[in-house]
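S.K.:
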Amino acid sequence: MNTQIIALVNQKGGVSKSTSCVNLGIGLAQEGKKVLLVDLDPQASMTISLGYPQPDQLPVTISTVMGKILTDQQISPGEGILHHAEDVDLMPSDIQLSGMEVTLVNMISRETVLRQYLDTVKTQYTHILIDCQPSLGMLTVNALAAATRIITPVQAEYLPAKGLEQLLQTVGRVKRQINPDLQIDGILLAMVDKRTNFARETATLIRDTYGQKIRVFQTEIPFSVRAKEASAEGKSIYAHDPKGKVAEAYRELTKEVINLEKQREKHKTYVR
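And the structure:
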């Protein structure tokens, strides 16, 4: 099985990374895919939003298994992986992950520790989605080294060119030095308040400014309080508000992501 590993990356916080990771992951599961969500943020937003409000009390988290990789310890099959009622698996995070970032700096093969862990579990999944922390530090570099594809959620406000340029430079460096298979799927406009002219104009501006360089997904995720309510309940938007506009948008995004995969596969076959 050719597992798709998708990292959701943006060094800016508060752009719906965790929400998008959860809802795209569960959207893929609803399409019959086998999905593992990996929380790679010490703040553990995704872990909390999937119904684990006290992640620091979990016996095994991503920092535990990465620590085992670093010390050459055996990882038991499925160790620490939690199963969510909406048919996705979760490798949770906790605050200890911030210590892991410091530890990695002095290690040999420090960029590939996450990849080494995912190699032990990926045969069981069609898709692994990684929720990255809002920085371009060593943990995010680990996610980029492990991923096959990247999605960058942004708010519909004018995206500082410097921020995107910085991200693209980091991606380019990882692609050249560590992971030649890495591809950017595109920019995802999230938290779009369509009632305001400003948000609509900004969405158009982002498409015009970056659209030649990098794909901007057709689907836009509307701003909604419902998405925050769903996170507080430990559910996806599909379970919380299945007929709402946000659930509909994430369904559309899921289709777009799957179509993109099909196009790439077709292209690979054609090129061969």
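FYI, in our numbering the residues of the sequence shown are 20 to 291. Quick reminder that beta carbons are idealized off the backbone N, C-alpha and C, glycines included. Small disclaimer: the values here were computed from a predicted structure and weren't measured.
1. Could you have a look at ARG168 and say whether DSSP puts it in helix, strand or coil?
2. What residue range is occupied by the uninterrupted alpha helix (DSSP H) comprising LEU155?
3. Considering Cα atoms alone, identify which of GLY118, LEU187, LYS141 and ARG195 is closest to LEU158.
4. If you run the structure through DSSP and keep just helix, strand and coil, what is THR238?
5. Look at the alpha carbon of ILE24 and the alpha carbon of LYS141, and state the distance between them as a whole number of angstroms.
6. Can you tell which of LYS36, LEU43, LYS31 and ALA26 has its C-alpha closest to the C-alpha of ALA268?
7. So is GLY253 buried or exposed if we call it buried at 16+ other beta carbons inside 10 Å?
8. Could you check what DSSP says for GLY97 in three-state terms: helix, strand or coil?
9. Check for me: the alpha helix (DSSP H) holding VAL84 runs from which residue to which?
10. Which of helix, strand or coil does DSSP assign to GLY263?
11. Note down the Cα distance separating LEU123 from ARG214, rounded to an integer number of angstroms.
12. What does a CB cutoff of less than 7 Å around VAL107 pick up in its chain, not counting 5 residues either side in sequence?
13. Whether or not the stretch 166 to 173 and the stretch 69 to 83 are in contact is what I'm after, with contact meaning three or more pairs of Cβ atoms, one per stretch, closer than 8 Å; do they touch?
14. So is MET126 buried or exposed if we call it buried at 16+ other beta carbons inside 10 Å?
15. What span of residues does the alpha helix (DSSP H) with ILE197 cover, start to end?
16. Verify whether the separation of the beta carbon atoms of VAL34 and PRO153 is less than 9 Å.
17. Go to ASP60, then tell me how far its alpha helix (DSSP H) extends in each direction, as first and last residue.
18. If I measure Cβ to Cβ from VAL132 and keep anything under 8 Å in the same chain, skipping five residues before and after, which residues do I get?
19. Would you call the CB atoms of CYS151 and LYS36 closer than 9 Å?
20. For GLN174, write down the residues that DSSP places opposite it in a beta bridge.
21. Going by other Cβ atoms of all chains shown within 10 Å of its Cβ, with 16 needed for buried, is PRO199 buried or exposed?
22. Could you give the first and the last residue of the continuous beta strand (DSSP E) run that contains ILE149?
23. With which residues is LEU56 paired in a DSSP beta bridge?
24. Do ALA185 and LEU155 have their CB atoms nearer than 9 Å?
25. Between SER68 and LEU207, which are expected to be in contact by the criterion C-beta below 8 Å, what is the C-beta distance as a whole number of angstroms?
26. With DSSP as the reference, identify every bridge partner of HIS103, one or two as the case may be.
27. For ILE225, which three-state DSSP category applies?
28. Excluding the 5 residues flanking ASP212 on each side, which residues of the same chain have their C-beta closer than 6 Å to its C-beta?
29. Give me, in chain order, the residues of the same chain whose beta-carbon lies closer than 7 Å to that of VAL265; leave out the 5 immediate sequence neighbours on both sides.
M.R.: For this structure:
1. strand
2. Premise fails: LEU155 is in no alpha helix (DSSP H) and is neither H nor E.
3. GLY118
4. strand
5. 9 Å
6. LEU43
7. The residue in question, GLY253, is buried, as its Cβ has 16 or more Cβ neighbours within 10 Å.
8. In the structure shown, GLY97 adopts coil according to DSSP, grouped into three states.
9. 81 to 89
10. coil
11. 45 Å
12. GLY44, ILE45, ALA48, VAL54 and LEU56
13. no
14. exposed
15. Where ILE197 is concerned, there is no enclosing alpha helix (DSSP H), given that its DSSP letter is neither H nor E.
16. yes
17. Segment: none, ASP60 is in no alpha helix (DSSP H) and carries neither H nor E.
18. MET85, ILE88, LEU89, LEU123, MET126 and ASN161
19. yes
20. BP columns for GLN174 point to ALA209.
21. exposed
22. Per DSSP, ILE149 belongs to the beta strand (DSSP E) from 146 to 151.
23. Paired residues: LEU109 and LEU148.
24. The question names Ala, but residue 185 in the sequence shown is Gln. Against a cut-off of 9 Å, the Cβ pair of LEU155 and GLN185 comes out as a contact.
25. Rounded, the Cβ-Cβ distance is 17 Å, inconsistent with contact.
26. VAL107
27. Here ILE225 sits in helix by DSSP.
28. ALA218 and PHE242
29. ILE240, PRO241, SER243, ARG245, ALA246 and ILE256
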